[in-house]
Amino acid sequence: MRASPLALLLLLAACDRGAPAPERRDDGARRSAEAQEQKAIDGIETDVRIKALQNRVDALQAEVAEMKDGKQALDTKLLEQRLATLEQRTYAGDAPQPKPSGTPKPDPTDK
26 MRASPLALLL LLAACDRGAP APERRDDGAR RSAEAQEQKA IDGIETDVRI KALQNRVDAL
86 QAEVAEMKDG KQALDTKLLE QRLATLEQRT YAGDAPQPKP SGTPKPDPTD K
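Quick note: the sequence shown uses this note's numbering, first residue 26, plus one each step.
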């Protein structure tokens, strides 16, 4: 009867020894899961970088558009100034010239 509890203990001990084999499978599954998680993290980081770069490109495009609008406004202003100058010259040439109202002085050398 004493052998029976001893045999039972040996059987229980033998059952515990079978546990390390599934751990190796779990280790491979864990590594696979970690690799998938790392890929997901890398994908998220890439998406964040792309979004930040897109925002920067949009900001630069807005600045360029603003600069173009400013240049066009400056060009328009310069053209208006040139037009005003040309109009002044043109209308000044069309204006009636004042006629001399006095009599000419006799030239002393004509005698």
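The beta carbon of each residue, even a glycine, is placed where N, CA and C say it ideally should be.
| query | Sorted by chain position, which residues of the same chain lie with C-beta nearer than 7 Å to aspartate 51's C-beta, five sequence neighbours on each side aside? | reply | As a first step, residue 51 is located in the sequence shown; it is residue number 26 there, counting from the start. Closer than 7 Å at the Cβ level, and outside the excluded window around aspartate 51, lies no residue.
| What is the rounded straight-line gap between the Cα of isoleucine 66 and the Cα of glutamine 79? | Mapped onto the sequence shown, residue 66 falls at position 41. Mapped onto the sequence shown, residue 79 falls at position 54. Roughly 20 Å between the two C-alpha positions.
| Where proline 131 falls: helix, strand or coil (DSSP) | As a position in the sequence shown, residue 131 is number 106, starting the count at 1. The answer is coil: DSSP assigns proline 131 none of H, G, I, E or B.
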